[in-house]
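Numbering (the working numbering), first residue to last: -17 to 109. By construction, the Cβ of each residue, glycine as well, lies at the ideal position given by its N, Cα and C atoms.
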């Protein structure tokens, strides 16, 4: 892994839907960002439309099987905040030309919160 506070910016596009432990991945993103660094994201996730969101809940088990673990119904903004980020720019929209359950988009920028605790550093085995 990279050392703490290594990068000015981390970019994620179309990846957070498939990561099994997305909070752990986002916590790692926060760990490697320099103070004041940016996390830029373009992801699909849970729709703001309740009817589409119900379809996403229904389709996600199948989608996970056929699309490398993809979760259609993840609330990306909530997950990013839960991992210790503040979202300072967020655009939500429905991507044209994509079936509605897969086209609810989240595009934005997040920065680590100053109150977020960094995960403890694990000691290397054998020390």
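Segment contact flag, the region -17 to -7 with the region 8 to 24, C-beta cutoff 8 Å, min 3 pairs: yes
Coarse secondary structure for residue 58, derived from DSSP in three states: Counted from its first residue, the chain shown places residue 58 at position 76. It is helical.
From 6, 50, 74, 91, residue whose alpha carbon lies closest to that of residue 0: Here the question's residue 0 lines up with position 18 in the chain shown. Considering only alpha carbons, the answer is 50.
Nonlocal neighbours in the same chain, by C-beta distance under 8 Å from residue 46, ignoring five residues either side: The residue you call residue 46 lines up with position 64 of the chain shown. Taken in chain order, the residues that qualify are 52, 53.
Residue 90 vs residue 72 beta-carbon contact at 7 Å: Locating residue 90 in the chain shown gives position 108, counting from the first residue. Locating residue 72 in the chain shown gives position 90, counting from the first residue. Cβ distance < 7 Å, so residue 90 and residue 72 count as in contact.
For residue 2 and residue -14, the rounded distance between their alpha carbons: Counted from its first residue, the chain shown places residue -14 at position 4. Counted from its first residue, the chain shown places residue 2 at position 20. Roughly 23 Å separates the two Cα atoms.
Residue 41 to residue 79 span [Cα, whole Å]: The residue labelled residue 41 in the question sits at position 59 within the chain shown. The residue labelled residue 79 in the question sits at position 97 within the chain shown. Cα to Cα, residue 41 sits roughly 19 Å from residue 79.
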